[in-house]
Amino acid sequence: KEDLDLVDSPIFQESTGEAFLTTPYEFHGRVTGEMRSKLLSNVGFPVTKLYRASLLKENSIRFRERTVTEDEDFLAEVYGRIRSIGVLTTLMYKYQDNEGSSTKKDTGLINFDILADCVLAAYRKLTKIPDYASFQEGAESFYCNRIALALILYQAMEEAEEHNSLCASAIWDQLQQKKALLKEVYRQTVRENPALNPYLSVEQKQIIRKYLM
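Mapping the sequence shown onto my numbering, position 45 (from 1) lands on 43, and the numbers just tick up by one.
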């Protein structure tokens, strides 16, 4: 019997008919900064995991309320805090796509706001962790991937027919404020980190340069 902070298991995805692990099996054991970075590059699913209750309680780790994508910054903080991890090979969860989910129904402005809030929450949580520097590369890849996706949605809104009416609304001002906060996160954390190159596609780099640099 092992004393572990987190245990992960495979998931079966109905849409592909495949079962897979998001946590590499070889990660079983003591968690290092390098492992945290790799875990942050693909946070996986909260429902496939068992969590030590005291870890969540002692660090006040909880889901953000009344929102979506709250699982991503929740898992990011969990990975930043755990000291040990276990990986099972037994299938524990079956995932079924829900076409009526909020993230599939809503587009544009709503999903931009959702992704921006996720990045800002993760940044606020992760930078408070004492050994943040040991997994900073992974944290920055987490931020950048979601910032890039948010900016792709922002670009689509700029190109949309209703752009002029949106610009005249108070909502557009709020959107600009959120984009400014994303720029601040990007400028403070990334600093043209060359180690991020494997994590970002050409399209992601281009969209970040266009709006944040």
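For every residue, glycine included, the Cβ atom is placed at its ideal position computed from N, Cα and C.
Check, Outcome
"Contact belief for Ile205 with Ala146 at Cβ below 8 Å, rounded distance in angstroms", "5 Å"
"Spatially closest choice to Ile83 from Ser132, Lys55, Thr21, Leu118, by CA coordinates", "Thr21"
"Three-state secondary structure (DSSP) of Val66", "coil"
"Proximity below 8 Å, CB of Asn57 to CB of Arg81", "no"
"First through last residue of the alpha helix (DSSP H) which encompasses Phe140", "134 to 157"
"Three-state class that DSSP yields for Ile9 in the structure shown", "strand"
"Leu113 versus Glu32, Glu157, Glu16, Glu68, residue with shortest Cα-Cα distance", "Glu68"
"Start-to-end residues for the beta strand (DSSP E) that takes in Glu16", "16 to 18"
"Short Cβ contact (8 Å threshold) for Leu19 with Val85", "yes"
"Where the alpha helix (DSSP H) containing Val41 begins and where it ends", "Looking at the DSSP string, Val41 is not in any alpha helix (DSSP H), and its letter there is neither H nor E."
"Nearest-angstrom Cα separation, counted from Thr88 out to Pro44", "16 Å"
"For Val41 and Gln153, the rounded distance between their alpha carbons", "26 Å"
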